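A short write-up of the structure that comes next.
Residue numbers (our numbering): 1 to 66.
See the structure below:
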């Protein structure tokens with residue numbers, strides 16, 4: 001039986017929500033091992049001069065506790 005833990009991470013990108021999620025996973029992977037899944041909980045964006053300036057995601061990352 002596996003024991004799993006969930007953490008919440010906020011990340012951003014000037015390219016896309018997909019890239020923001022990848023950035024979240026990349027940064028979390030530096031200190032968290034055994035990551036099993038990423039759940040995008042929320043998406044938002046900041047707007048500047050009528051255009052999207054920054055994509056933001058709030059993700060939940062699930063990993064196995066060993």
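Beta carbons: idealized from backbone N, C-alpha and C, even for Gly. Given the structure is predicted, the values throughout are model-derived calculations rather than measurements.
Do residue j and residue i come within 8 angstroms of each other at the CB atom, strictly closer than that value?
i          : j          : result
residue 38 : residue 25 : yes
residue 64 : residue 2  : yes
At what residues does the beta strand (DSSP E) containing residue i begin and finish?
i          : result
residue 11 : 3-13
residue 51 : 51-65
residue 41 : 35-48
My assumption, with CB atoms under 8 angstroms, is that residue i sits in contact with residue j. Please give the rounded CB distance.
i          : j          : result
residue 13 : residue 20 : 4 angstroms
Locate the alpha helix (DSSP H) running through residue i, then write down its first and last residues.
i          : result
residue 23 : 17-29
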